[in-house]
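The listed protein sequences correspond, in order, to chains A and B. Following my numbering, the numbering of the first sequence begins with 61 at its first residue and continues without gaps. Following my numbering, the numbering of the second sequence begins with 3 at its first residue and continues without gaps. Heads up, the beta-carbon is just placed ideally off N, CA and C, and yes, glycines get one too. Note that this is a predicted model, so its numbers are computed, not measured.
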Amino acid sequence: MTYLRVVWQAFRLQAELARRGPQHLLMLLVTPMQTASLLALTLHSHRPDALVNAVIAPGMIGLWVAALDYAGRVVPEDQWAGRFTPMVAAPVPLTVVVVGRVAAVVLVGAVAFAESWLTAAVGFGRVLTVAEPGVFAAAVLATCLAAVGTAMLLSGVIALSRARDVLQNSLSYPFYILGGVVFPITVLPAWVRPFSRVVFLSWSAQLLRDAAHGTVRHWAVSLAVILALGAAALAGGMWLTRRVVDGARRKGTVGFA
Amino acid sequence: MEAAVSASALRRTYERKRKDAVVALDDLTLSIARNEIHGLLGPNGAGKTTLVKILSTVLLPTAGTARVLGHDVVAETRTVRTLVGLVLGGDRGLYDRLSARRNLLFWGALYKLDARTVRRRADALLERVGLAERADDPVERFSRGMRQRLHLARGLLHEPQVLFLDEPTSGLDPVAAVAFRRLVLELRDEGRTFLLATHDMDEATALCDRVSLIDRGRLLLTDDTASIGRILGDRECVDFVHDDGTHAEALALLPEVTDVERLDDRWRVHTADRDGSRRVLAWLVERDVLTARHAQPTLEEVYLRTVGDRGMRV
Ligand SMILES: Nc1ncnc2c1ncn2[C@@H]1O[C@H](COP(=O)(O)OP(=O)(O)OP(=O)(O)O)[C@@H](O)[C@H]1O
Ligand SMILES: [Mg+2]
Chain A
61 MTYLRVVWQA FRLQAELARR GPQHLLMLLV TPMQTASLLA LTLHSHRPDA
111 LVNAVIAPGM IGLWVAALDY AGRVVPEDQW AGRFTPMVAA PVPLTVVVVG
161 RVAAVVLVGA VAFAESWLTA AVGFGRVLTV AEPGVFAAAV LATCLAAVGT
211 AMLLSGVIAL SRARDVLQNS LSYPFYILGG VVFPITVLPA WVRPFSRVVF
261 LSWSAQLLRD AAHGTVRHWA VSLAVILALG AAALAGGMWL TRRVVDGARR
311 KGTVGFA
Chain B
3 MEAAVSASAL RRTYERKRKD AVVALDDLTL SIARNEIHGL LGPNGAGKTT
53 LVKILSTVLL PTAGTARVLG HDVVAETRTV RTLVGLVLGG DRGLYDRLSA
103 RRNLLFWGAL YKLDARTVRR RADALLERVG LAERADDPVE RFSRGMRQRL
153 HLARGLLHEP QVLFLDEPTS GLDPVAAVAF RRLVLELRDE GRTFLLATHD
203 MDEATALCDR VSLIDRGRLL LTDDTASIGR ILGDRECVDF VHDDGTHAEA
253 LALLPEVTDV ERLDDRWRVH TADRDGSRRV LAWLVERDVL TARHAQPTLE
303 EVYLRTVGDR GMRV
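This is the structure:
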């Protein structure tokens, strides 16, 4: 119960940091442009999934950018600013704080979905109607939750790695491709597909597309897989964050002085 | 009664690439009684911060043990964390974009305090450290000294029994430094124990019941602050300020004077006993040297003599 309160406080802290430092929101400027580009490219192709894709892809890219760039910065920034040491000195594990902050970051990413929908509707007069709104809403929610777990994992990987920038730059496109974000994974070579099955984005993308088109099969299974992948990532991320703290206490490398 | 803090054969090394490890603490044994203000002195790189970090559980010892109020800092980390407060000097370590109050509210949650309690304590502490009027300003607009006061407030939020302060007053203006000292003494009256790492000898003299001097990770001495001068020999002396050495030469010939010494800014006359000091004082006052006073070596002198002519070497 106390830990939930800490998560909530950390969430609020991050939200306030974002409000006071608008660079956290910069990525939301990119989303409408992505939607616009995708629509402009495919509007005249008369492919039925063009609109669905143009709305969903920027939303998911927004989530991923939030998870990778912004969530990945949470721990390193505390280290650089000398907050890491006093945080480790507190009885609540750092992991709990990071979960709350990462969740707030990712929710900002989720705004990209709404933005993208609005861009298509207002900018292009193309209103995305969803055949199965219930499933669609559940899929968006599950996707956001899984994104929090994944952001936690990425945050842990980035905090542990010595090559932060390289990682942050290289972990985007491969996942857009594996996640079937911009195009369905069915167009990928067969040998790649098993890899994309462990990326929650691929399940999300498919479920969102199917819900929009009304071609959903086994939605419960898809939701369960999305949530399970998110939970696994969360557990992995929490474990890695604990290792960051343990490593610092052992090596004495991250400190205040 | 059990000591508030005890370190036993505490050792800490830092690994380095392609070089020998640095020994930051070398079998250090130290004990701090409950309700004591204990000063930790030593040159740059002596190991003060390392000790403070180990005692506050943010760094693991390489060998040896340390206990806070009977709890082992390695085996009972969680318990120790709720009992101790850590205040690191300097102006970093806060959320600069957020207000002082917001920083404290967040920190309170890390100590599992409920929202009402944190709010109440945050207000009281902001008042106590003189930041009440700036409580809602973002910390990035704070001066260094104001940040340090906020650090202190943060360290007190969970009302810890034992406080570790690492150079908490570097950069405080004189008025703030005096207020800080008063606050520490008040907190001690509430029953708290302090370990205060500092380079400020006046501060250590004014605050600390006992001081420990460490160098290169080793404990050189621990003693009561009031009588630490004894360490330089149990000698009587009289200090006075005078421009030339004529008085000094004359004094050296008196039978009760054993030695006359030139210190940085004054002369020091060593006498055989208390009576001798009395006569030397009278002798000086007769000659209108009103700066004369019965003296004991200060903490600073003890420090300088003990640490020796290290100069700038670390
Ligand atoms: N993270 C680290 N990695 C390697 N060596 C370190 C590390 N932290 C401290 N040291 C070394 O350990 C020794 C003790 O350092 P420490 O910071 O404890 O000294 P200090 O007494 O606090 O000094 P100061 O008065 O300058 O604050 C020094 O030789 C220092 O170089
Ligand atoms: Mg230090």
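- Are the C-beta atoms of B/TRP109 and some chain A residue less than 9 Å apart? Position 107 of the second sequence, counted from the start, is the residue given in the question as residue 109 of chain B. Chain A contact via Cβ: present.
- Message: Short of 7 Å Cβ to Cβ, which residues in the segment 76-88 of chain A face chain B?
- Response: Correct list: GLU76, LEU77, ARG80, GLY81.
- Query: For ligand 2, any of its heavy atoms closer than 8 Å to the Cβ of B/ASP168?
  - Reply: As a position in the second sequence, residue 168 of chain B is number 166, starting the count at 1. Yes; taking the cut-off as 8 Å, the Cβ of B/ASP168 has a heavy atom of ligand 2 nearer than that.
- Is B/ILE230 closer than 9 Å to B/LEU53 when the C-beta atoms are compared? As a working note, residue 53 of chain B is residue 51 in the second sequence. As a working note, residue 230 of chain B is residue 228 in the second sequence. No. Outside cutoff.
- Message: So if DSSP puts A/CYS204 in a beta bridge, which residue, or which two residues, is it bridged to?
- Response: Here the question's residue 204 of chain A lines up with position 144 in the first sequence. None, per the DSSP bridge assignment.
- Check the C-beta distance from A/ALA117 over to A/VAL195 and give it rounded, since I have them as a contact under 8 Å. If you number the first sequence from 1, residue 117 of chain A lands on position 57. If you number the first sequence from 1, residue 195 of chain A lands on position 135. Between A/VAL195 and A/ALA117 the Cβ distance is about 19 Å, and since that is not below 8 Å, they are no contact.
- Message: Looking at the strands, I want to know which residues DSSP matches up with B/ASP226.
- Response: As a working mapping, residue 226 of chain B is identified with position 224 in the second sequence. According to DSSP, B/ASP226 bridges with B/ARG212.
- Min CB distance A/ALA164 to chain B below 9 Å: Indexing the first sequence from 1 puts residue 164 of chain A at position 104. Among the residues facing chain B, A/ALA164 is not included, as its CB has no counterpart in that chain under 9 Å away.
- DSSP three-state call for B/GLY66: helix, strand or coil? If you number the second sequence from 1, residue 66 of chain B lands on position 64. Three-state result, B/GLY66: strand.
- Cβ-based contacts, 9 Å cut-off: residues of the segment 56-72 of chain B near chain A: SER58, THR59, VAL60, LEU61, LEU62
- Within chain B, partners of A/LEU73 - CB distance below 8 Å: Here the question's residue 73 of chain A lines up with position 13 in the first sequence. Chain B residues near A/LEU73: TYR97, LEU100, ARG104, PHE108.
- Can you check DSSP and say which residues form a bridge with A/ILE116? The residue labelled residue 116 of chain A in the question sits at position 56 within the first sequence. DSSP, once it has assigned bridges, lists no residue as partnering A/ILE116.
- Message: So the candidates are B/ARG14, B/LEU253, B/ASP290; which of them puts its Cα closest to the Cα of B/THR273?
- Response: Position 271 of the second sequence, counting from 1, holds the residue named residue 273 of chain B. When each option's Cα is compared against that of B/THR273, the closest is B/LEU253.
- Query: Comparing the C-beta of B/PRO176 with each C-beta of chain A, is any distance below 9 Å?
  - Reply: Start at 1 with the first residue of the second sequence, and residue 176 of chain B comes out as number 174. It does not; no Cβ of chain A falls within 9 Å.
- Is there contact between the segment 210-227 of chain A and the segment 265-272 of chain A, where contact requires at least three CB pairs shorter than 8 Å? no
- Task: Would you grab the beta carbon distance between B/VAL243 and B/ASP267 for me? Rounded to a whole angstrom, and I think it's under 8 Å.
- Result: On the second sequence, position 241 is the one that residue 243 of chain B refers to. On the second sequence, position 265 is the one that residue 267 of chain B refers to. Sure, about 7 Å apart at Cβ, within 8 Å.
- A/VAL66 versus chain B: which residues are under 9 Å apart at the beta carbon? Position 6 of the first sequence, counting from 1, holds the residue named residue 66 of chain A. The answer, in chain order, is ALA111, LEU112, LYS114.
- Report all residues from its chain with a CB closer than 6 Å to the CB of A/THR203; omit the five preceding and five following residues, and keep chain order. Indexing the first sequence from 1 puts residue 203 of chain A at position 143. These residues qualify, in order along the chain: SER264.
- Message: Given a cut-off of 9 Å on the beta-carbon distance, is the pair A/VAL85 and A/VAL208 in contact?
- Response: Translated into the one-based positions of the first sequence, residue 85 of chain A becomes position 25. Translated into the one-based positions of the first sequence, residue 208 of chain A becomes position 148. Here residue 85 of chain A turns out to be Leu, not Val, going by the sequence shown. Not closer than 9 Å, so no.
- Message: With a threshold of 7 Å on Cβ separation, who are the neighbours of A/ARG253 within its own chain once the five nearest residues in sequence on each side are excluded?
- Response: What you label residue 253 of chain A is simply residue 193 of the first sequence in a count that begins at 1. ILE245, listed in sequence order.
- On the premise that A/VAL162 lies in contact with A/ALA206, defined as a C-beta separation below 8 Å, what is that separation, rounded to the nearest angstrom? Looking up residue 206 of chain A in the first sequence gives position 146. Looking up residue 162 of chain A in the first sequence gives position 102. That pair is no contact at about 13 Å.
- Message: Quick check on A/ARG72: does DSSP put it in helix, strand or coil?
- Response: By one-based count along the first sequence, residue 72 of chain A stands at place 12. Three-state result, A/ARG72: helix.
- Task: Would you mind sorting B/PRO299 into buried or exposed? The rule is 16 or more other CB atoms within 10 Å of its CB.
- Result: For the purposes of this step, residue 299 of chain B is taken as residue 297 along the second sequence, with counting starting at 1. With 16 or more Cβ atoms within 10 Å of its Cβ, B/PRO299 is classed as buried.
- Message: Just to make sure I have the definition right: I need the residues of chain A whose C-beta is within less than 7 Å of the C-beta of B/LEU88. Which are they?
- Response: For this step, residue 88 of chain B is matched to residue 86 along the second sequence. What B/LEU88 touches in chain A: PRO146, ALA149.
- Query: Using a beta-carbon distance cut-off of less than 8 Å, what residues from the segment 112-143 of chain A approach chain B?
  - Reply: ALA141, GLY142, ARG143
- Which class does B/THR51 belong to by DSSP, given the choice of helix, strand or coil? If you number the second sequence from 1, residue 51 of chain B lands on position 49. Residue state, collapsed to three classes: helix.
- Message: Can you confirm whether B/PRO170, when its beta carbon is compared against all beta carbons of chain A, has any partner nearer than 9 Å?
- Response: The residue labelled residue 170 of chain B in the question sits at position 168 within the second sequence. So no, B/PRO170 is outside the interface.
- Query: Going along the chain, which unbroken runs of the beta strand (DSSP E) with 3 or more residues stay wholly within the segment 80-128 of chain B?
  - Reply: 86-90
- In terms of alpha-carbon separation, which member of B/VAL24, B/ARG264, B/ALA5 lies closest to B/LEU32? Walking along the second sequence from the start, residue 32 of chain B turns up at place 30. It is B/ALA5.
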